[in-house]
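Asks:
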Amino acid sequence: MGMLQLISNGGITMYVLILCSILSIAIIIERIIYYHRRSRVKREDFMIDIKNQLERDNPRHAITMCLGMCKQADTPFANIVAAGLDAYGRGEKEISSNMERSIAIETNMLNRFTTIVGTIGSTAVYIGLFGTVLGIIRAFHDISATGTGGISVVINGISEALVCTAAGLCVAVPAVIAYNYFIKRVDNFITDMDLCASELLDLLSGKQK
43 MGMLQLISNG
53 GITMYVLILC
63 SILSIAIIIE
73 RIIYYHRRSR
83 VKREDFMIDI
93 KNQLERDNPR
103 HAITMCLGMC
113 KQADTPFANI
123 VAAGLDAYGR
133 GEKEISSNME
143 RSIAIETNML
153 NRFTTIVGTI
163 GSTAVYIGLF
173 GTVLGIIRAF
183 HDISATGTGG
193 ISVVINGISE
203 ALVCTAAGLC
213 VAVPAVIAYN
223 YFIKRVDNFI
233 TDMDLCASEL
243 LDLLSGKQK
């Protein structure tokens, strides 16, 4: 049985699963590229450079230089550092608040589209099962309408209907794996952002004393 025949036997449910698969794959590729681009700089090395710059130069010039480093790094934690540096001189509470708002914005950007992949992963199996049930109902209806059949006809109808369940699994498994991977990556990004915020707050507090 060819691919087109399988899709035809699965009915409209197969087309829904194909659409879900295309959407899921597109988001997975986009998110992987996005995370790779936003993690080209290591947090430890970046914060060492920031610390060295703040310690060896006058505050205002050091802040300007560090902001340039943050823009060049273009990572979530670098944006948090930039938000803290922008609030330099306005008090520790405002620096902290500025970084917390930036963390919320960056987290939202990191989580973008991931819920769609998670939803596809959790529902694709049920969509496939729904298609299988419809296929079995159709097979028995055809047998009842023609008045002919037998175990071979029933088995053939059920085997065709089970294509939807198989397709649902093929869509769901990669989506679930990708979603769990995304959640782990986002958690790592958040940890880096929190650590950078804490380190920068300590550095700027010492500078302002």
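Be aware that the sequence shown starts at 43, since it is given in this note's numbering, and climbs by one per residue.
The beta carbon of each residue, even a glycine, is placed where N, CA and C say it ideally should be.
Owing to the predicted nature of the structure, the values given are computational and were not obtained by experimental measurement.
(1) Count the other CB atoms within 10 Å of the CB of aspartate 116; is the residue buried (16 or more) or exposed (fewer)?
(2) Following the continuous alpha helix (DSSP H) through tyrosine 57, name the residue where it begins and the one where it ends.
(3) On the CB-based measure, 16 or more other CB atoms within 10 Å of its CB, does threonine 106 come out buried or exposed?
(4) Under 8 Å: do the region 163 to 172 and the region 142 to 149 share three or more Cβ pairs, one atom per stretch?
(5) Between valine 228 and the rest of its own chain, which residues show a CB-CB distance below 8 Å, the 5 nearest in sequence each way excluded?
(6) Can you look up aspartate 116 in the DSSP assignment and give me helix, strand or coil?
(7) Under a three-way DSSP split, which group does lysine 84 fall into?
(8) Please determine if the region 126 to 141 and the region 57 to 65 are in contact, where contact requires at least 3 C-beta pairs separated by less than 8 Å.
(9) For the candidate residues Met56, Gly53, Leu59, Tyr76, whose alpha-carbon lies nearest to that of phenylalanine 224?
(10) Alpha carbon to alpha carbon, what distance is there between alanine 181 and valine 215?
(11) Between isoleucine 158 and the rest of its own chain, which residues show a CB-CB distance below 8 Å, the 5 nearest in sequence each way excluded?
(12) Less than 8 Å between the C-beta atoms of alanine 203 and glycine 170, yes or no?
(13) Here's the rule I'm using: 16 or more other beta-carbon atoms within 10 Å means buried, otherwise exposed. How should alanine 125 be labelled?
Replies: This is what the structure holds:
(1) Translated into the one-based positions of the sequence shown, residue 116 becomes position 74. Aspartate 116 is exposed by the Cβ-count criterion.
(2) Looking up residue 57 in the sequence shown gives position 15. Tyrosine 57 -> alpha helix (DSSP H) spans 54 to 79.
(3) Residue numbering aside, residue 106 sits at position 64 when the sequence shown is read from its first letter. Threonine 106 is exposed by the Cβ-count criterion.
(4) no
(5) Walking along the sequence shown from the start, residue 228 turns up at place 186. Here the set comprises Thr149, Leu152, Asn153, Thr156.
(6) Looking up residue 116 in the sequence shown gives position 74. Looking at aspartate 116 - three-state DSSP - the assignment turns out to be coil, as it is neither helix nor strand.
(7) Looking up residue 84 in the sequence shown gives position 42. Lysine 84: coil per DSSP, three-state reduction.
(8) no
(9) Numbered from its first residue, the sequence shown carries residue 224 at position 182. Checked all of Met56, Gly53, Leu59, Tyr76; the closest Cα to phenylalanine 224 is Tyr76.
(10) The sequence position of residue 215 within the sequence shown is 173, counting from 1. The sequence position of residue 181 within the sequence shown is 139, counting from 1. Looking at the two C-alpha atoms, the distance is approximately 28 Å.
(11) Along the sequence shown, one-based indexing puts residue 158 at 116. Closer than 8 Å at the Cβ level, and outside the excluded window around isoleucine 158, lie Leu65, Ser66, Ile69.
(12) If you number the sequence shown from 1, residue 203 lands on position 161. If you number the sequence shown from 1, residue 170 lands on position 128. No; because the gap between Cβ atoms is not below 8 Å, this pair is not in contact.
(13) Sequence index remark: in the sequence shown, residue 125 carries index 83 (1-based). Under this definition alanine 125 is a buried residue.
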